[in-house]
Amino acid sequence: MSIQSTDFFQRQDDARRNTTRLIVLFGLAIMGLSAGTYIALAMIFGYSGANVKLVDPFLAVVSLVGTAAFILLGSAYKTSALSKGGSAVAESLGAVEVDASSPDPLRRRLVNVVEEMSLASGVPVPRIYVLENEPGINAFAAGYTINDAAVAVTQGCLQQLTRDELQGVIAHEFSHVLNGDMRLNIRLIGVIHGILLMFFTGRILVRTLGMGRGRSSSSRGGGGVAALAIGGLVLMIFGYAGVLCGRLIKSAVSRQREYLADAAAVQFTRNPAGLAGALKKIGGYTHGSKITAANAEEISHMCFGNVKDGGFSSLSSKMMATHPKLEERIRRIDPSFDGNYVKLEAGSNAAVAGNIAGVSAMAAGGGGGAQPASSGGGGAMSQGTAVAMASAATTRGGNDWSTDDRTLEYTVNADDVLQSVGEASPERLVYCATLLDEIPRPLMEARSNILGAIASVYTLLLDEDLEERRKQGQLLHKYCDPGVVDESRKLWPAVATLEQEFRLPLMDLLYPTLRRMTDDQFHNFSSMVDRLIMADGKVVLKEFIIQKVLMHRLELSLSEPKRKVVQFSAYAAVVGDMQFLLSCLADVGHDDINDAAASFDAGRDRIPAKYGQQIRFLPTDEWTFSQVGVALDRLATASPTIKKTVVDACAYCVMGDGVVTVEEIELLRAICESVDIPLPPFIPEATRRKAA
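For the sequence shown, counting from 1, position 37 maps to 91 in the working numbering; every step adds exactly one.
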């Protein structure tokens, strides 16, 4: 099973074209519903004795404007209610957020799987939710951008799937994140809601006025009441027709994306049995993939499986289905499928055996993230026993290596960088599971609560020089709560020996917890980050990366990322920005100015010649990190075409000389993350460590 040979940027363009089509179809729906409003008004006025022509331009304009305003307001209201992105969608269904400190081993397994997939794909770790009262096997990813995404799974998904199967489902959802499907999906919710309001308005008129018709039929106003009731009936009919059209649009868009997401999940994990096993369990499970929440229909197109029962027994049900037929999805992954599903009864807990296998691997290997669990079905051991077995390995991490004991060697081809954007792989999954196991345990424990996450960032910003660190300590005592100061003091030994390789992954892990900050907390946090960075009057590479990556993401996720628009579509507008960026990259990777200039030239040659010839190499004393930061802020609002060129130029600047350092890799990934390009980690080809 293969996916289309398109890169991340092409898939984003496809998503934008789907959005454009949605807008066109939305406009056509408004026109059709306006016709219904016109008929309803004509009938109301006709029954009231008014002289209404068959074709009345004034009434047509009133119908069009009124219908459009009504639907757009309803759509805007629903979209506004979901303005916080994926977390708002999950919480609207009653989902509960999960963090890494949960005592439930199944939830901890979920957190581990999501974190591994996030790190391996270069996507910020999303907020993680569980629909506790949903026994069906289902999941969804929601959000406007990768910075405000959330992933939610049902309780049935946790209890019935092994780790391999859960990983397949999560990989499927991450495909939607990477392919730009999430924004379209939320817009679909708003569109359908706006159209649905017309149907509800008509129903209210029919019910309210219909009940009062008997009491008013003998009065002079009886005709008017009847006219309103009939007008309401017309609105109901056209409104329902509009809803059906909206669902057809939603279903047509969703079904094709589901096939692509299935294929991508198999590619990410290279384990078709995992995803196929999850689908087979849905087919044989008492609860299937049902979601019983009142507004489940609204998010049906986002989910891993159908939220309602349906065997596609009729043409209409097949056309309205948001997902392809289950058997067809499985056969595309597993051509040998014989039609026999995995039988599961309500109340079973098929994940326990797989969870115990995973926990045993964790206990034996210090985390075991890279060890797949058995794909077997049930197990006689109780949930309580599984919890007890997990107690000895409830927190990953425990790196005992120091930078003096380890060196990294990277072999990276500049031509491959663009193709790796937005792509996970089995090798990266294993590598990132290893990273999770080796990050110092105190930092892994601190990531799950806001105080610990904030203190972790502050500690990462502390200077290695004792005197400078004392100045920063004074700032912490002056502006921070004592609890944050104490936590920072406890974390310092772990941070002091933290290798560069782990800094960006650690920020990824802290991100979902930091997203829970209130506006006041974020304001104080942002101010404190600036104070710590400027305590010595200068900005170094480590501080710049933390500030740009983390603060950029938080500013987007805690504000309204959906309103971000392209501001720069022409290369001429960002020539100066590319000059600062490439000069910074070249300087960071080379001590010799001639070598730096050569790397700069390698990157500049990837820019269209007309614009590349306008930029020159800036030595270290001609640029500052502040200027590079401004350049990144501008490039973050550039068109996808410009971003693609910038990433390609940066890749050649870093790798043109064939020697790649950890600092260059870290800065390249930080640049990509600052402009919202998910660049996965590079796997070291060789490492050297002192024997344990």
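Yeah, the Cβ is synthetic: ideal placement off N, Cα and C, and Gly gets one too.
Asked: Beta-carbon separation (whole angstroms), C707 vs G657, contact threshold 8 Å; Found: 3 Å
Asked: Residue nearest to G254 in terms of C-alpha spacing, selected from G286, G537 and F228; Found: According to the sequence displayed, residue 254 carries Phe and not Gly. With distances taken between Cα atoms, F254 lies closest to G286.
Asked: Sub-9 Å separation of I345 and L472 beta-carbons; Found: no
Asked: C-beta contact flag for A83 and V245 at 9 Å; Found: yes
Asked: N-terminal and C-terminal residue of the alpha helix (DSSP H) that I336 is part of; Found: P326 to G338
Asked: Min CB distance D470 to chain D below 9 Å; Found: The chain inventory of the structure shown lacks chain D, comprising one protein chain alone.
Asked: Three-state class that DSSP yields for E186 in the structure shown; Found: coil
Asked: Any 3 or more C-beta pairs closer than 8 Å across the segment 109 to 122 and the segment 130 to 147; Found: no
Asked: I243 vs I353 beta-carbon contact at 9 Å; Found: yes
Asked: Alpha helix (DSSP H) segment containing V168, residue limits; Found: P159 to S175
Asked: Residues that DSSP places opposite E151 in a beta bridge; Found: Y183
Asked: Residues near L126 by beta carbon distance below 7 Å, same chain, minus five either side; Found: G248
Asked: Validate contact between the segment 578 to 590 and the segment 505 to 513 using beta carbons, cut 8 Å, 3 pairs; Found: yes
Asked: Beta-carbon spacing of A154, R181 below 9 Å; Found: no
Asked: Segment contact flag, the segment 153 to 173 with the segment 113 to 130, C-beta cutoff 8 Å, min 3 pairs; Found: no
Asked: Three-state secondary structure (DSSP) of T121; Found: helix
Asked: Whole-number beta carbon distance between V628 and L689, since they are thought to touch under 8 Å; Found: 6 Å
Asked: Spatially closest choice to G506 from T567, H606 and R557, by CA coordinates; Found: T567
Asked: CB contact flag (A225, G140, <9 Å); Found: no
Asked: Length at least 4, wholly inside the segment 524 to 585: the alpha helix (DSSP H) runs in chain order; Found: 536 to 550 and 557 to 568
Asked: Collapsed DSSP secondary structure at L672 in the structure displayed; Found: coil
Asked: Bounding residues of the alpha helix (DSSP H) (the contiguous stretch that carries A703); Found: P694 to M709
Asked: Presumed contact (8 Å Cβ cut-off) between E518 and D590, rounded CB distance; Found: The Cβ separation is near 11 Å, so there is no contact.
Asked: Three or more C-beta pairs below 8 Å linking the segment 556 to 573 and the segment 493 to 505; Found: yes
Asked: Distance, D316 Cα to G476 Cα; Found: 16 Å
Asked: Own chain partners of T439 with C-beta closer than 7 Å, once the 5 adjacent residues on each side are dropped; Found: Low confidence applies to T439: its pLDDT is 37, below 50, so where it sits in the model is not reliable, and the reading given next is rough at best. Here the set comprises nothing.
Asked: For S728, the three-state DSSP class (helix, strand or coil); Found: helix
Asked: Through-space distance from L635 to M85, alpha-carbon basis; Found: 48 Å
Asked: Cross-strand partners of C357 (DSSP beta bridge); Found: F194
Asked: Counted within 10 angstroms of its Cβ, other Cβ atoms place N233 as buried (16 or more) or exposed; Found: buried
Asked: CB contact flag (F622, A640, <9 Å); Found: no
Asked: Integer-rounded CB distance, given that P378 should sit under 8 Å from Y485; Found: That belief does not hold up - the Cβ atoms of Y485 and P378 are roughly 33 Å apart, past 8 Å.
Asked: Residues sharing a beta bridge with T678, DSSP; Found: In DSSP, T678 forms no bridge with anything.
Asked: Three-state secondary structure assigned by DSSP to T691; Found: coil
Asked: Assigned secondary structure, A204 (DSSP; H/G/I helix, E/B strand, else coil); Found: strand
Asked: Residues bridged to L298 (per DSSP); Found: DSSP lists no partner for L298.
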